[in-house]
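One structure is given below, encoded as structure tokens.
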Amino acid sequence: MSEFIRLPAEELYRAELDALKKAETETPPRGWRLSPRSVLTYITGGQAGGTNITPKYIGHTRLVEIAIATLMTDRALLLLGEPGTAKTWLSEHLAAAVCGDSTLLVQGTTGTTEDMIKYGWNYAALIASGPSPDALVKTPLYRAMEEGRIARFEELTRCLPETQDALVSLLSEKCIAIPELSAELRAERGFSLIATANTRDRGVNEMSAALQRRFNIVRLPAPETPEIETEIVTLRVRQLKDSLELPGEPPDAAATAKTVTILRELREGRTLDGKETLRSSSFCSAAEAISLLTGAMAHAAGFGDGRVTDAHLAAGLTGTVVKDPETDGPLWQEYLENVVRKRAGWEGLYTELMKP
Numbered sequence: 007m008s009e010f011i012r013l014p015a016e017e018l019y020r021a022e023l024d025a026l027k028k029a030e031t032e033t034p035p036r037g038w039r040l041s042p043r044s045v046l047t048y049i050t051g052g053q054a055g056g057t058n059i060t061p062k063y064i065g066h067t068r069l070v071e072i073a074i075a076t077l078m079t080d081r082a083l084l085l086l087g088e089p090g091t092a093k094t095w096l097s098e099h100l101a102a103a104v105c106g107d108s109t110l111l112v113q114g115t116t117g118t119t120e121d122m123i124k125y126g127w128n129y130a131a132l133i134a135s136g137p138s139p140d141a142l143v144k145t146p147l148y149r150a151m152e153e154g155r156i157a158r159f160e161e162l163t164r165c166l167p168e169t170q171d172a173l174v175s176l177l178s179e180k181c182i183a184i185p186e187l188s189a190e191l192r193a194e195r196g197f198s199l200i201a202t203a204n205t206r207d208r209g210v211n212e213m214s215a216a217l218q219r220r221f222n223i224v225r226l227p228a229p230e231t232p233e234i235e236t237e238i239v240t241l242r243v244r245q246l247k248d249s250l251e252l253p254g255e256p257p258d259a260a261a262t263a264k265t266v267t268i269l270r271e272l273r274e275g276r277t278l279d280g281k282e283t284l285r286s287s288s289f290c291s292a293a294e295a296i297s298l299l300t301g302a303m304a305h306a307a308g309f310g311d312g313r314v315t316d317a318h319l320a321a322g323l324t325g326t327v328v329k330d331p332e333t334d335g336p337l338w339q340e341y342l343e344n345v346v347r348k349r350a351g352w353e354g355l356y357t358e359l360m361k362p
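Listed below in structure tokens is the structure:
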């Protein structure tokens, strides 16, 4: 087992990637490790020789095909969607399968600056000897262009507009000008960019029309049905249990169903049977369900007999739903009284949730 808390996808799933490479029957595009068809198998699951390829993304296969096809062209890829729709997860696995390296990552924040995107300088070397290749600090995106790999840009719309604009000419010309050295870097074949953006961040730092035109936008929807969402949550919780080496048992079907049902109903603003309308909360995503169940599993392992019970679910549910006590608190209390308290078989969970 690894000594690290989290390995990049290409390390964690090395056996699967190697099996797909060995079983390859098609010629990968220049600069790619696998063919588009093998990348799709890696993402959506299947077989490679005698190796079972676990699904990394459960949802619309056509959207994954479009994302892979985009990376074969000269356009960048933007994965857009609500929180918890696996944008980051999909971008990481696409990069791992296409070029074998998912670590060339720029994290977008309000503090991200242009030199974090293009290049920076080692100021000690700059002062000592002036601008030189040795004083240049290469960013992940610079290295991706130089090596013909996939760069990832997380939460693009969290960046200020002037920072976003640094990508416009870069994505158009596939080139970074370095005037201090009277030089330029041109991207090697195989280079592309996968960016993610959260639809909840709309109105924070909107992308310009010029930048949007540089991307092919793929919108990732929330899981269509409770069954699909339950499958996603179950798979990821089991994977996290193994990677974190948590003792005890994974949550049973009943605990998973309760968690998915609660968060899905609050997200959609209605009960699953459609009989009751609720106030909705966009925080209640599949990602929150995964986090909640993983925490419940750790709670049960550390302070119980290893089995996730209603008490362990209740310990994390309120904190998961109530991010802002003033707005989310009343919503949660209404849901508890109008739905949880009246639902058959949920008496134990309601009792635990009402404890101080």
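Be aware that the sequence shown starts at 7, since it is given in the working numbering, and climbs by one per residue. Heads up, the beta-carbon is just placed ideally off N, CA and C, and yes, glycines get one too.
| query | result |
| --- | --- |
| Proximity to Ala295 [Cα-Cα], best of Asp279, Pro257 and Leu284 | Pro257 |
| Sub-8 angstroms separation of Arg426 and Thr116 beta-carbons | The requested residue 426 does not occur in the structure, where the chain is confined to residues 7 to 362. |
| Inter-residue Cα distance where the pair is Pro364 and Gln245 | With the chain covering 7 to 362 only, the question about residue 364 has no answer from this structure. |
| Cut-off 7 angstroms between Cβ atoms - residues of its own chain near Leu337, not counting five sequence neighbours on either side | Arg285 and Ser287 |
| CB-CB length for Thr4 against Thr67, believed under 8 angstroms | The question about residue 4 has no answer here: the residues shown for the chain are numbered 7 through 362. |
| Within 8 angstroms, strictly: CB atoms of Arg39 and Cys105 | yes |
| Proximity below 8 angstroms, CB of Ile182 to CB of Glu194 | no |
| For Phe221, the three-state DSSP class (helix, strand or coil) | strand |
| C-beta atoms of Leu217 and Ile268 nearer than 8 angstroms | no |
| Opening and closing residue of the alpha helix (DSSP H) in which Trp338 lies | Pro331 to Tyr341 |
| Complete alpha helix (DSSP H) runs within the stretch 245 to 278 (minimum length 4 residues, chain order) | 259 to 274 |
| Touching by the beta-carbon criterion (3+ pairs, under 8 angstroms), the stretch 92 to 106 and the stretch 199 to 206 | yes |
| Range of the contiguous beta strand (DSSP E) that encloses Ile133 | From DSSP, Ile133 is part of no beta strand (DSSP E) but of the alpha helix (DSSP H) over Tyr129 to Ser135. |
| Cβ-based burial, Glu235 [other Cβ within 10 Å; buried from 16] | buried |
| Contacts around Thr283, its chain only, beta-carbon distance under 6 angstroms, and the 5 residues preceding and following it disregarded | Arg276 |
| Reference Thr316; option with closest CA among Lys281, Glu353, Ala304 and Phe309 | For clarity, residue 316 is Asp in the given sequence; the question names Thr instead. If we check each option's Cα against that of Asp316, Glu353 comes out closest. |
| Exposure of Thr33, with buried meaning 16 or more beta-carbon neighbours within 10 Å | exposed |
| Alpha helix (DSSP H) runs wholly inside the stretch 24 to 110, at least 4 long, in chain order | 42 to 50, 67 to 77 and 93 to 105 |
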